[in-house]
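Numbering-wise (my numbering), the sequence shown opens with residue 1267 and increments by one.
Ideal Cβ placement from N, Cα and C applies to all residues, glycine included.
As the structure is a prediction and not an experimental result, all values here were calculated from the model.
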Amino acid sequence: MTAPGQNDPEAVLRIAGRFRTGGRATGAVELRAGHINDSFVVSTASGGRFLLQRINGYVFPNPARVMENIVRITRHLERRLGPESARRRLTLVPAVDGEMWFETTAKEGPADWWRMYELIEDTTTELRVSTPEQAFLAAQAFGRFEMHFVDLPAPPLHETIPGFHDTPKRFDAFDRALAAANESPVGAARRRQAVAEIRSVAVHRDLGARLSAASTHGLPQRTVHNDCKISNILFDRPTGEALCVVDLDTTMPGLAAYDFGDMVRSMSHRADEDARDTAGARVDLELFAALAQGYLDGAGFLTAAERRSLVDGALVLTLEQAVRFLTDHLDGDVYFRVERPGQNLDRCRVQLALLESLLALDADLRRVVGGATT
Ligand code: GN1
Ligand code: MG
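In structure tokens form, the structure reads like this:
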């Protein structure tokens, strides 16, 4: 398995050549977006452009299941959206052997799983939301995305990461990281840097159980995206329209509240996810209202109980992400890619500041969701 970001450029081009691109791969430029997989824009001699990705085998120990899901998801979207919809959905490029992925074997280098998509040209991606209109469009796109899977034929998609949004389980992993940190000087130093954050997540631990088994009685399992950040939407460059939902690795059974929660976590404020100064990590009620309106508009199938769960989703997902970043800081940054020391701790701090702001506005948030029209 290759360490993230440690790809040999020659090898990347060779791997690109194992897909049916209809022309020789002549260039591969790494995209440093996302914390998990490695992504490259590949160009070919015949002028084609593609997105080549190496699946992170540490995060996704069963890449076959990830790819089985993605084959089903992309085919289902093609059926739902029709043949003219190529810019509104991802299209996998088959490997030369006809499979929808390519596996490098130990003989050719590290054993890795690769996949390729057609590149959707003339689009932009955003790391932060800028206007309420944009928040509305992104939330509506994620809502519509879920809507398309209401009639996904059985069986349900695989759980590509079991317990992905099982927040109490995330706290258990945090406990283990905390205990393990004491066993090495480096770990102990990381623990000392995070004293305030360790205390803060402990204070909110009970909140983390709000969406777990007993309390979700009456909330249906849906097919949800599970990673609803603005950077997972491609916007049409000429019109600004939210064109295509990307990053399908964690699309699997889950609660609507997970997706809405993740939208609020990432789009109800204007702070960078890793800002060193947390002052911007405050809910902007206008952005929040746009998210609620957009999501309810897109996901017209939600039950009253699901609508009532949405604000809890925002609280739980923000807390969960704080715990996940903190755990990774204690573990030595093994899960989320970092570009500088302390980045995962900064990410955790942003989530905690946002959580405080969500809690302070709890009643307003519930009023806004309750009043949003569908
Ligand atoms: C990761 O794949 P990427 O970088 O968009 C993570 C999400 C987190 C997100 C935080 C498989 O998403 O769960 O919410 O970072 N994906 C996985 O930015 O863990
Ligand atoms: Mg993702």
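Span of the beta strand (DSSP E) around residue i
i       : result
Met1366 : It is not in any beta strand (DSSP E) - Met1366 carries neither H nor E in the DSSP assignment.
Thr1292 : Ala1291 to Leu1297
Cys1253 : Residue 1253 cannot be examined here, being either before or after the span of the chain that is shown, 1267 to 1640.
Gln1319 : Arg1315 to Ile1321
Asp1502 : Ile1499 to Asp1502
Val1490 : Arg1488 to Val1490
Ser1309 : Asp1304 to Thr1310
Arg1442 : First-last for Arg1442: Thr1433 to Ala1447, but that is the alpha helix (DSSP H), not the beta strand (DSSP E).
Asp1378 : Asp1378 to Glu1384
Proximity test, residue i beta-carbon vs the ligand GN1 heavy atom, cut-off 7 Å
i       : result
Ile1302 : yes
Asp1612 : no
Val1600 : no
Ile1427 : yes
Gln1609 : no
Val1332 : no
Val1325 : yes
Asn1328 : no
Gln1587 : yes
Asn1335 : no
Asp1597 : no
Asn1448 : no
Asp1528 : yes
Asn1498 : yes
CB-CB length for residue i against residue j, believed under 8 Å
i       : j       : result
Ile1499 : Val1511 : 6 Å
Phe1215 : Asp1515 : Nothing about residue 1215 can be reported from this structure: the residues present for the chain run from 1267 to 1640 only.
Gly1520 : Arg1542 : Incorrect: roughly 32 Å between the Cβ atoms, too far for contact.
Leu1592 : Tyr1524 : The Cβ separation is near 20 Å, so there is no contact.
Arg1442 : Glu1387 : Actually they are not in contact, since the Cβ atoms of Arg1442 and Glu1387 sit about 45 Å apart, beyond 8 Å.
Asp1493 : Val1577 : Not quite, the Cβ-Cβ distance comes to about 20 Å (not below 8 Å), so this is no contact.
Residue i CB to nearest heavy atom of the ligand MG below 7 Å
i       : result
Asp1513 : yes
Thr1516 : yes
Asp1493 : yes
Span separating the alpha-carbon of residue i from that of residue j
i       : j       : result
Leu1418 : His1431 : 22 Å
Ser1575 : Leu1473 : 13 Å
Gly1293 : Leu1562 : 42 Å
Arg1355 : Val1307 : 17 Å
Ile1464 : Phe1285 : 46 Å
Ala1646 : Gln1587 : Residue 1646 is absent from the structure shown; the chain starts at 1267 and stops at 1640.
Ile1339 : Ala1407 : 16 Å
His1595 : Gly1289 : 43 Å
Ser1481 : Val1469 : 20 Å
Glu1572 : Ala1401 : 20 Å
Gly1348 : Val1332 : 24 Å
Val1337 : Val1395 : 30 Å
Tyr1304 : Leu1385 : Residue 1304 is actually Asp in this sequence, not Tyr. Going by the C-alpha atoms only, they are around 15 Å apart.
Trp1379 : Phe1411 : 26 Å
Thr1517 : Glu1344 : 16 Å
Glu1365 : Ala1447 : 42 Å
Pro1486 : Ser1478 : 13 Å
Val1278 : Gly1598 : 27 Å
Ser1312 : Gly1283 : 13 Å
Classification of residue i by the beta-carbon crowding that lies within 10 angstroms, buried from 16 upward
i       : result
Thr1397 : exposed
Asn1610 : buried
Leu1393 : exposed
Gln1319 : buried
His1483 : exposed
Gly1579 : buried
Thr1371 : exposed
Lys1373 : exposed
Glu1539 : buried
Gln1272 : exposed
Thr1639 : exposed
Tyr1324 : exposed
Asp1528 : buried
Pro1421 : exposed
Glu1555 : One point to set straight first is that residue 1555 is Ala, not Glu, in the sequence displayed. The residue in question, Ala1555, is buried, as its Cβ has 16 or more Cβ neighbours within 10 Å.
Pro1504 : exposed
Val1362 : exposed
Asp1612 : buried
N-terminal and C-terminal residue of the alpha helix (DSSP H) that residue i is part of
i       : result
Leu1583 : Ala1570 to Asp1597
Pro1519 : Note, Pro1519: premise wrong, no alpha helix (DSSP H); beta strand (DSSP E) at Met1518 to Gly1520.
Arg1338 : Pro1329 to Leu1347
Tyr1561 : Leu1551 to Gly1564
Gly1484 : Premise fails: Gly1484 is in no alpha helix (DSSP H) and is neither H nor E.
Leu1611 : Gln1609 to Ala1626
Ala1401 : Pro1398 to His1414
Distance cut-off 7 Å: residue i Cβ against heavy atoms of the ligand FAD
i       : result
Glu1539 : Summarising the ligand content, the structure contains the ligand GN1 and the ligand MG and does not contain the ligand FAD.
Minimum Cβ-Cβ distance from residue i to chain C less than 8 Å
i       : result
Asp1540 : No chain C appears in this structure, which consists of one protein chain only.
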